[in-house]
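Beneath this line is the structure, given in structure tokens, with notes to follow.
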Amino acid sequence: MSVESAATVKSGPRIGIPRALWYYTFYPFWRAFFNGLGASLIPSSPTTKAILDAGILETVSEACVPIKVFLGHVNDLREKWQRGEIDMLFLPRYVSWQGGLIFCPKFLGLPDMVRYAFEALPPLLTVRIDRRTFMGLWRACDELRSRLGATRSALVSAYRSALRAQAAHERRLRENWRPTESIVGVRRPRRIPTENARRPLRLAVLGYPYLVYDEYVSLGVLDKLESMGVEVVTAETLQAQKKQLRHPEQKDLFWHYSEMVKTVGYYALSPTNGDIDGVIHVTAFACGPDAMVNKLLELEARKEGAKPFLSLGLDEETGEAGCLTRLEAFVDMLRRNPHRVVR
Amino acid sequence: MAKITFPPMGHYSPAFATLLRELGHEVILPNPPTKETLSLGTLYGPEFACLPLKICLGSYVESLERGAEVIVTSGGVGPCRAGLYGTVQREILKSLGYRFEMIVLEPPRRHPLELLKALHRLDAFRRAPWQLVNTAFKTWEMIKALDRLERELHRIRPREAEKGSAEAVYKRGCRAIGAQDTVAGIRKAAEEALADMRRVPLDPSCDPIKIGIVGEIYVLLEPAANLKIEKTLGELGAEVDRSIFLTGWTRENVVREGDNQTAREAAYPYLCEMIGGHGQDTVGHTVMYARQGYDGVIQLAPFTCIPEIVAKGVLPSVSRDLDIPIISFFLDEQTGEAGFRTRLEAFVDLLVRRREQRRLAG
Ligand code: SF4
Ligand code: SF4
Chain A
9 MSVESAATVK SGPRIGIPRA LWYYTFYPFW RAFFNGLGAS LIPSSPTTKA ILDAGILETV
69 SEACVPIKVF LGHVNDLREK WQRGEIDMLF LPRYVSWQGG LIFCPKFLGL PDMVRYAFEA
129 LPPLLTVRID RRTFMGLWRA CDELRSRLGA TRSALVSAYR SALRAQAAHE RRLRENWRPT
189 ESIVGVRRPR RIPTENARRP LRLAVLGYPY LVYDEYVSLG VLDKLESMGV EVVTAETLQA
249 QKKQLRHPEQ KDLFWHYSEM VKTVGYYALS PTNGDIDGVI HVTAFACGPD AMVNKLLELE
309 ARKEGAKPFL SLGLDEETGE AGCLTRLEAF VDMLRRNPHR VVR
Chain B
795 MAKITFPPMG HYSPAFATLL RELGHEVILP NPPTKETLSL GTLYGPEFAC LPLKICLGSY
855 VESLERGAEV IVTSGGVGPC RAGLYGTVQR EILKSLGYRF EMIVLEPPRR HPLELLKALH
915 RLDAFRRAPW QLVNTAFKTW EMIKALDRLE RELHRIRPRE AEKGSAEAVY KRGCRAIGAQ
975 DTVAGIRKAA EEALADMRRV PLDPSCDPIK IGIVGEIYVL LEPAANLKIE KTLGELGAEV
1035 DRSIFLTGWT RENVVREGDN QTAREAAYPY LCEMIGGHGQ DTVGHTVMYA RQGYDGVIQL
1095 APFTCIPEIV AKGVLPSVSR DLDIPIISFF LDEQTGEAGF RTRLEAFVDL LVRRREQRRL
1155 AG
């Protein structure tokens, strides 16, 4: 946090950004971009019970937890704005970042949901991000620039440094940094004890970044596993194995994060990869896309020789104790017998 | 020649059966889904899958048990889940040990090659082109006829003097239309059925309130999914207008994919993005119903339905701005008929009282 605020520029508009959903994947891009235009980017506070509760209050009850969390963060920024800490709220409509893939329909409707959920909101800085169109990202950035009243010449360098920041972020994620670490630029040392000189258990923890990396919502699953002496790899890291990731007979999922989790999941489950001992799928209750992703992974995990598989469903009522018990049971089972599926 | 089946689709099943039969297949007509169908789907399907997936999955299991060897279904390119039903259902059914082939018809715009391959698998090209055109034309005519008759049913039912008489005429009409195999025959059967329907004795004192139904296409079209909402409302004395009929939908989505200008335009201030499924239509049609002076709107959606959840998020503003009561139902396998009916009754009561007050006021 301290590094974040030190990196921001003092003058210029202060733009609030919710620490939820696409934050974990794209924050470095927007920080570099807005800084380049002389504005500063201020994230909402990390998720707490109060934030989630506020989100639950403002969201349709049928929505998934991540959306409720997002609205909670919007509410947090709204309060920051009322206290005069920010000037506007950055609320892009993420449609597509990579050719052929779109975001979950809830991302697509998010700005509308937000606009109608709150009475008084800070001025909104919205833009539609669709990279399937010609120069989509550049044009979105240009639109933001003109909204902020910055010059065209500033745009070129801001855009370039944003792309560079994003590339660096993605490289660090592939090297198994957590997004939170990559954002502040400091990697916490990991000390995994080796078990009687054998290599530690290595688990793939797969799920949408806004679930896996949000410590409050995920009940700190990554830290819990590490404290059990497990080495954790996440979907972003495994994506480096791109070449081996294709499943021959499957139609691609068309959602950005789901496609990542599914392909990486197939890879991690397959008997042919030598270095992963088990797979944990972290999924949000009532998440539409995950109903499909989880089923596909579960079916894959039942195939001959597949790696052991645990699906960990989270919602606003999941208890920390229950989650810990399930993780411990899974890890224990793996240590004893590395060939079984747990559901 | 393989034994072929397809997803249950409300009263349209005879039309699809005709189509496949004309292509030379033996058709296993999907049974109208029952509680057992849904239980099968719930048992084998993903827990948080939407209701349509579960109903179709259950129905496939039933049809496979009855000897079906091929399943034809539609695909899609998102943004919503329907495009993935095929993939997921195939994997599930395979894991249950069924041997079958699944043919997924993808929309022509995005996957022209896939569609041609699928049609080839269906032996479509063994027939002369004019025969194909004729078959397609006939199917379309049948769907149109069924839709016209159903619209008329919705208008007559709340006004009928004797409960159930319109429904009986409608059922007879559907059977008559489904039995035809020429375009002329279909038209004639449709005209006769419509004439019969207009002869149903009406209760002159009746002054039904008008309710628009919006929401996700499958639960709107499949009575097994919506617990026969139109029938219930009709019996409660409400005239129902459903925003989606297959004739309207196919025109807008298959032929000119997503180009449904009016509903989209109407949705614009509230929901500015094509969010997949029928989220935008839900909002747009609600706006349109409000402008046309309807008394209320009902939103129907499968539980966990993504676009409809987004739509529900903005509907309260529509309701406030345009002063129209809206109620939303998210349906799943646990939705009970009795509870559903009670809530519908309460809503209808509210609308009747509201209309009375307004009439008194001026
Ligand atoms: S992908 Fe799932 S968790 Fe994410 S926004 Fe969509 S429904 Fe919610
Ligand atoms: S629109 Fe709703 S019911 Fe249809 S696929 Fe999407 S989530 Fe399922």
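Quick mapping for you: the protein sequence lines, in order, are chains A and B. With the first sequence counted from 1, adding 8 to any position gets you this note's numbering. With the second sequence counted from 1, adding 794 to any position gets you this note's numbering. Yeah, the Cβ is synthetic: ideal placement off N, Cα and C, and Gly gets one too.
- Secondary structure within the segment 86 to 155 of chain A: the alpha helix (DSSP H) runs of 4 or more consecutive residues, fully enclosed, are 113 to 125 (chain order).
- Judged by the Cβ position, residue 1099(B) qualifies as a neighbour of ligand 2 at the 7 Å threshold, a heavy atom of the ligand being closer than this.
- For residue 815(B), the uninterrupted alpha helix (DSSP H) segment begins and ends at 807 to 816.
- The beta carbon of residue 990(B) lies closer than 6 Å to those of 963 in the same chain, with the five residues before and after it left out.
- Here residue 224(A) is exposed: its Cβ has fewer than 16 other Cβ atoms, across all protein chains shown, within 10 Å.
- Residues of the segment 1064 to 1081 of chain B whose Cβ lies closer than 8 Å to any Cβ of chain A, in chain order: 1064, 1065, 1066, 1067, 1068, 1069, 1070, 1071 and 1073.
- Among the residues facing chain B, residue 302(A) is included, as its CB has a counterpart in that chain under 8 Å away.
- The three-state secondary structure of residue 980(B), taken from DSSP, is helix.
- Close CB contacts of residue 954(B) within its chain, under the 6 Å cut and outside five residues either way in sequence, are with 960 and 994 (chain order).
- At a cut-off of 7 Å, the beta-carbon of residue 50(A) does not count as near ligand 1: no heavy atom of the ligand is closer than that.
- Judged by pairs of C-beta atoms under 8 Å, the segment 1030 to 1043 of chain B touches the segment 1074 to 1085 of chain B, as three or more such pairs exist.
- Taking residue 1121(B) as reference, the option from 1129(B), 1130(B) and 1109(B) with the minimal CA-CA separation is 1109(B).
- Nearest Cα to residue 218(A) within the set 98(A), 170(A) and 290(A): 290(A).
- Taking the Cβ of residue 844(B) as the reference point, at least one heavy atom of ligand 2 falls within a distance shorter than 7 Å.
- DSSP places residue 908(B) in the helix class (H, G or I) of the three-state scheme.
- With respect to residue 44(A), residue 175(A) sits apart: the two C-beta atoms are not nearer than 8 Å.
- Here residue 1123(B) carries a strand assignment [DSSP, helix/strand/coil].
- Taken through DSSP and simplified to helix, strand or coil, residue 1016(B) comes out as coil.
- Between residue 126(A) and residue 186(A) a beta carbon distance of about 31 Å is seen, past the 8 Å cut, so the two are scored as non-contacting.
- Exclusion of the five residues before and after residue 797(B) leaves 819, 820, 821, 822, 861, 862, 863 and 864 as the residues of its chain whose Cβ lies within less than 8 Å of its Cβ.
- With its beta carbon less than 8 Å from one in chain A, residue 1111(B) belongs to the interface.
- Assigned with DSSP and collapsed to three states, residue 1076(B) falls in helix.
- In the structure shown, the three-state DSSP call for residue 831(B) is helix.
- Here residue 958(B) is exposed. Its C-beta has fewer than 16 other C-beta atoms within 10 Å.
- Within the model, the alpha-carbon separation for residue 1149(B) versus residue 933(B) is close to 42 Å.
- The way I'd put it, the segment 1008 to 1023 of chain B does touch the segment 803 to 813 of chain B; three or more beta-carbon pairs between them come closer than 8 Å.
- For the options 248(A), 208(A) and 294(A), the alpha carbon positioned closest to that of residue 235(A) is the one of 208(A).
- Using a Cβ-Cβ cut-off of 8 Å, residue 1060(B) does not count as an interface residue toward chain A, since no Cβ of chain A sits closer than that to its own.
- Across the segment 829 to 849 of chain B, CB contacts with chain A closer than 9 Å involve 839, 840, 841, 842, 843, 844 and 847, in sequence order along the chain.
- At a threshold of 7 Å, residue 115(A) counts as near ligand 1, since its beta carbon sits closer than that to one of the ligand's heavy atoms.
- Take residue 55(A), set aside five residues on each side of it, and the residues of its chain with a beta-carbon closer than 8 Å to its own are 27, 28, 77, 80, 81, 222, 223, 224 and 225, in chain order.
- Short of 8 Å from the beta carbon of residue 930(B), and not among the five residues preceding or following it, lie these beta carbons of its own chain, in chain order: 813.
- Rounded to whole angstroms, the gap between the alpha carbons of residue 33(A) and residue 179(A) is 12 Å.
- In terms of CA proximity to residue 826(B), 1016(B) leads the group 951(B), 1016(B) and 880(B).
- Proximity of the beta carbon of residue 215(A) to ligand 1 is not indicated: no heavy atom of the ligand is located closer than 7 Å.
- For residue 177(A), the enclosing alpha helix (DSSP H) stretches over residues 160 to 182.
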